[in-house]
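Quick notes on the structure that follows.
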């Protein structure tokens with residue numbers, strides 16, 4: 144009896160994204176990025192990295208960098224990134240990133256890097272250390288993406304320029320040496336909450352804000368979270384409704400909707416005729432409850448350093464196996480002798 148050939152399973156598109164080990168992850172990072180990373184694991188072939196090599200463009204305390212790198216790994220896992228489903232690794236553990244970055248640097252124009260707005264911004268913030276790495280780190284970012292032949296890269300507005308550069312470098316290399324790199328596209332999540340400052344709601348929530356009341360850290364205690372929301376800036380009205388000019392309330396509505404899954408009309412109906420005090424407390428309590436399992440899981444992971452080490456070692460091995468294939472093709476194309 145003849146057996147019919149089974150069709151090959153369709154290759155899932157690959158997504159690459161990275162997170163810097165900054166020490167603090169905000170509610171904005173969680174709702175705007177990490178929560179979506181978790182959802183993507185079921186639909187895509189996901190590669191996620193703690194990009195500690197990018198972090199050193201600004202001078203770091205070595206001990207703090209080691210601690211923050213491990214904490215960042217534990218935190219993304221606590222948020223729901225499964226190292227069995229996704230490739231999760233620490234960037235400096237995979238040597239191909241630095242190696243490809245050099246080759247790509249030799250295929251990137253000085254003028255292209257001069258136009259990068261983040262170089263100008265960071266140079267202004269850190270005038271005492273305007274280093275070559277700060278200038279060329281968009282090339283390392285391109286290497287991060289192109290090594291894994293990523294089809295998609297989740298990007299915010301501030302990263303679109305870097306993704307365009309990665310595409311330009313890949314197109315130039317492919318044009319000179321033949322097709323090696325997949326051209327990555329930006330991925331815009333279906334649902335991505337844009338979280339603004341609790342004290343200046345026209346500005347994005349940021350961990351670098353001088354006012355600690357302006358942002359919520361994922362690991363903040365429940366009572367701290369509720370207290371910060373109670374002090375959130377709103378307006379002189381008393382109506383919980385989404386409307387132009389009500390930036391503070393609009394921000395709280397977006398946050399409450401993101402953590403409860405309820406739409407704006409339902410939330411507005413729930414708080415009709417009630418004051419801002421009730422609403423701000425409800426938002427704070429909902430956020431605190433949403434983040435509770437993340438905090439608890441993070442504490443469990445940080446108490447088991449051996450398990451975290453096992454995860455990042457396995458992740459690095461998987462990442463190197465994938466990325467080495469790309470690097471080998473690149474080295475052959477440009478004329479490097481095989482070992």
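In this note's numbering, the protein residues as written are 144 to 482.
We put the CB at the ideal spot given by N, CA and C, even for glycine.
Since this is a predicted model, take the numbers as computed values, not measurements.
Own chain partners of residue i with C-beta closer than 6 Å, once the 5 adjacent residues on each side are dropped
| i | result |
| --- | --- |
| residue 275 | none |
| residue 469 | 290 |
| residue 144 | Caution applies to residue 144, whose pLDDT of 45 falls short of 50 and renders its modelled position unreliable; the model cannot decide the point. |
| residue 266 | 273 |
| residue 496 | Since the displayed the chain opens at 144 and closes at 482, residue 496 lies outside it and no answer follows. |
Test item: CB-CB of residue i and residue j under 7 Å
| i | j | result |
| --- | --- | --- |
| residue 526 | residue 282 | Only positions 144 to 482 of the chain appear in the structure, and residue 526 is not among them; the question remains open. |
| residue 193 | residue 215 | yes |
| residue 455 | residue 233 | yes |
| residue 167 | residue 350 | yes |
| residue 278 | residue 256 | yes |
| residue 344 | residue 388 | no |
| residue 163 | residue 207 | no |
| residue 169 | residue 195 | no |
| residue 338 | residue 161 | no |
| residue 292 | residue 325 | yes |
| residue 418 | residue 381 | yes |
Spatial distance of residue i from residue j (CA atoms)
| i | j | result |
| --- | --- | --- |
| residue 241 | residue 174 | 31 Å |
| residue 304 | residue 261 | 9 Å |
| residue 247 | residue 472 | 13 Å |
| residue 411 | residue 432 | 21 Å |
| residue 462 | residue 386 | 46 Å |
| residue 180 | residue 401 | 15 Å |
| residue 236 | residue 268 | 29 Å |
| residue 414 | residue 406 | 13 Å |
| residue 318 | residue 250 | 11 Å |
| residue 259 | residue 416 | 49 Å |
| residue 475 | residue 440 | 45 Å |
| residue 177 | residue 479 | 39 Å |
| residue 370 | residue 465 | 46 Å |
| residue 446 | residue 452 | 12 Å |
| residue 409 | residue 403 | 11 Å |
| residue 442 | residue 436 | 10 Å |
| residue 298 | residue 372 | 28 Å |
| residue 481 | residue 460 | 21 Å |
| residue 280 | residue 450 | 31 Å |
| residue 270 | residue 184 | 40 Å |
Whole-number beta carbon distance between residue j and residue i, since they are thought to touch under 8 Å
| i | j | result |
| --- | --- | --- |
| residue 296 | residue 332 | Going by Cβ atoms, the distance from residue 296 to residue 332 rounds to 12 Å, so no, they are not a contact pair. |
| residue 362 | residue 438 | 6 Å |
Closest residue to residue i among the options (Cα-Cα distance)
| i | options | result |
| --- | --- | --- |
| residue 356 | 342, 414, 347, 325 | 342 |
| residue 272 | 323, 399, 200 | 200 |
| residue 294 | 158, 478, 475 | 158 |
| residue 374 | 324, 426, 155 | 426 |
| residue 347 | 398, 448, 263 | 398 |
| residue 378 | 395, 440, 311, 371 | 395 |
| residue 322 | 477, 415, 202 | 477 |
| residue 384 | 360, 430, 423, 248 | 423 |
| residue 230 | 212, 259, 188, 218 | 188 |
| residue 444 | 170, 218, 154, 198 | 218 |
| residue 429 | 381, 359, 441, 446 | 359 |
| residue 434 | 393, 419, 365 | 365 |
| residue 254 | 264, 308, 270 | 308 |
| residue 182 | 209, 202, 228, 204 | 228 |
| residue 252 | 190, 204, 460, 315 | 315 |
| residue 165 | 191, 280, 204, 442 | 204 |
| residue 209 | 190, 481, 448, 298 | 448 |
Residues near residue i by beta carbon distance below 7 Å, same chain, minus five either side
| i | result |
| --- | --- |
| residue 467 | 239 |
| residue 353 | none |
| residue 264 | none |
| residue 285 | 247, 308, 309, 312 |
| residue 202 | 272 |
| residue 320 | 476, 477 |
Close beta carbons around residue i, own chain, < 8 Å, minus the five adjacent residues each side
| i | result |
| --- | --- |
| residue 226 | 220, 454, 457, 458 |
| residue 155 | 186, 187, 188 |
| residue 376 | 341, 342, 343, 344, 391 |
| residue 368 | 359, 427, 430, 431, 434 |
| residue 420 | 373 |
| residue 393 | 344, 385, 386 |
Any non-hydrogen atom of the ligand ZN closer than 6 Å to residue i Cβ
| i | result |
| --- | --- |
| residue 243 | Inclusion of the ligand ZN in the displayed structure is not the case, the ligand content being empty and no account of it being possible. |
Cβ of residue i within 7 Å of any chain C Cβ
| i | result |
| --- | --- |
| residue 235 | Annotation note: the requested chain C is absent from the structure, which comprises a single protein chain. |
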